[in-house]
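Below is one structure, written out as structure tokens; comments come after it.
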Amino acid sequence: EDLYITGFEPIIDHAEISHHTVLFAAPAGEADAYVTDPATRSWPCEIVPDGNWLTLHAWAPGNNPVEMPPGGGVKIEAGSQLVLQMHYFDSVPEASTIADSPGYYLNTTSDVDTEIYFVPLGPENFVIPAGEASHTEKFEYTFLQLYGLPLRTTVYGVFPHMHVLGSAYDFKGVPEVGADKCIAKADGYDFANQPTYWFDTPVEFEPSDLLSISCTWDNSAANPDQINPTPQDVTWGENTDQEMCFAIMYASVSF
1 EDLYITGFEP IIDHAEISHH TVLFAAPAGE ADAYVTDPAT RSWPCEIVPD
51 GNWLTLHAWA PGNNPVEMPP GGGVKIEAGS QLVLQMHYFD SVPEASTIAD
101 SPGYYLNTTS DVDTEIYFVP LGPENFVIPA GEASHTEKFE YTFLQLYGLP
151 LRTTVYGVFP HMHVLGSAYD FKGVPEVGAD KCIAKADGYD FANQPTYWFD
201 TPVEFEPSDL LSISCTWDNS AANPDQINPT PQDVTWGENT DQEMCFAIMY
251 ASVSF
């Protein structure tokens, strides 16, 4: 039967080498086709599944266990396979020799009042020039453009995510009339401290509202978190020496 996840708590054995985890729900039997190591039922991350898998949750350093708002949950259809993607990075010399056993604790229920979706949004086509101490990229579109349908969106929480060169972000909704609606903003981003933020009062958006996602990076030699021996042009990517700009929202939609 269908289930709804109301709480996520990743099991992180070795945080010092863990870049991120992502939990997916794959249609029944579909994940089996990707397995290259039958003993562990796993495959290399370079093998990317088809796009019809549902993203349920993601963790990055400093992220906290996630509990859905009362009455809300993320749906898993009956028969789905849960797939854990685990990305590591060589942060310590012995990283490649460490045995790791990541996983998840999940709270589930058979019914909820509100179905909540995990919605990662942000630009994927950018270049951060070598030596730039403050480089900003902005991504803007309406919720109507996002869905292709005139859906109202309710945002309950947000998980901002960049990599080690990230220095600031500004996520907001811009209505056609009225004041901007802040989703999340910080002038001091820290890769080691990436919590999920929950709103005391959910933020409501109309289909015509503009969503603005802006990220700033420090790719200078003076940055103590500079990952390259000398600054290099950096593009979007999943590796730690690449970058991202995501506003990962927990949201529901309605007509």
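Using our numbering, read the sequence shown as starting at 1 and increasing by one per residue. Even for Gly, the Cβ is constructed at its ideal location relative to N, Cα and C. It should be emphasised that the depicted structure is a prediction, and the values quoted were computed from it without experimental measurement.
Based on the DSSP secondary-structure assignment, which residues constitute the bridge partners of residue i?
| i | result |
| --- | --- |
| ASN107 | GLY7 |
| THR114 | GLY72 |
| THR235 | VAL127 |
| ASP13 | Answer by DSSP bridge pairing: none, since ASP13 is not bridged. |
| ALA251 | TYR117, VAL155 |
| VAL66 | PHE8 |
| THR216 | THR136, ALA168 |
| GLN226 | Paired residues: none, contrary to the question. |
Residue range of the alpha helix (DSSP H) that residue i falls in?
| i | result |
| --- | --- |
| PHE143 | 143–147 |
Going by other Cβ atoms of all chains shown within 10 Å of its Cβ, with 16 needed for buried, is residue i buried or exposed?
| i | result |
| --- | --- |
| THR6 | buried |
| LEU3 | buried |
| THR36 | exposed |
| VAL164 | buried |
| PHE205 | buried |
| ILE47 | exposed |
| CYS45 | exposed |
| PHE159 | buried |
| SER134 | exposed |
| GLY71 | exposed |
| TYR169 | buried |
| TRP172 | The question names Trp, yet the displayed sequence has Lys at residue 172. Result: buried. |
| TYR189 | buried |
| ASN52 | exposed |
| GLY166 | buried |
| ASN219 | buried |
| LEU56 | buried |
| THR201 | exposed |
| PRO69 | buried |
| GLY122 | buried |
| THR21 | buried |
| PHE246 | buried |
| ALA25 | buried |
| ALA15 | exposed |
| GLU124 | exposed |
| GLY148 | exposed |
Which two residues bound the contiguous beta strand (DSSP E) that contains residue i?
| i | result |
| --- | --- |
| GLY79 | Neither: GLY79 is in no beta strand (DSSP E) and is coded neither H nor E. |
| HIS19 | 18–26 |
| MET244 | Here MET244 belongs to no beta strand (DSSP E), and DSSP marks it neither H nor E. |
| ALA60 | From DSSP, ALA60 is part of no beta strand (DSSP E); its letter is neither H nor E. |
Can you check whether the C-beta of residue i is within less than 8 Å of a C-beta belonging to chain B?
| i | result |
| --- | --- |
| HIS14 | In the structure shown, chain B does not exist; there is a single protein chain. |
Restricting to runs no shorter than 4 residues, where is the alpha helix (DSSP H) found entirely within the stretch 150–212? If we require 4 residues or more, the stretch 150–212 turns out to have no alpha helix (DSSP H) run fully inside it.
Across the stretch 149–159 and the stretch 9–17, are there enough close Cβ pairs to call them in contact, namely three or more that are closer than 8 Å? Pairwise C-beta distances place the stretch 149–159 out of contact with the stretch 9–17, as fewer than three of them are shorter than 8 Å.
Touching by the beta-carbon criterion (3+ pairs, under 8 Å), the stretch 218–225 and the stretch 112–126: The stretch 218–225, when compared against the stretch 112–126, does not touch it at the 8 Å Cβ threshold.
With contact counted as at least three CB pairs below 8 Å, one residue from each stretch, are the stretch 209–216 and the stretch 133–152 in contact? Verdict: yes, contact present.
The stretch 193–202 contacting the stretch 43–63, beta-carbon criterion three pairs below 8 Å: Result yes; three or more Cβ-Cβ pairs closer than 8 Å.
Touching or not, the stretch 77–84 and the stretch 12–31, by the rule of three or more beta carbon pairs under 8 Å? Segments in contact, yes.
If contact is defined by three or more beta carbon pairs under 8 Å, each pair taking one atom from either stretch, is the stretch 174–183 in contact with the stretch 233–241? Note that the stretch 233–241 does not touch the stretch 174–183; fewer than 3 beta-carbon pairs, one per stretch, sit closer than 8 Å.
Start-end ranges of the alpha helix (DSSP H) lying completely within the stretch 34–58, minimum 4 residues: Counting whole runs of 4 or more residues, the stretch 34–58 contains no alpha helix (DSSP H) stretch at all.
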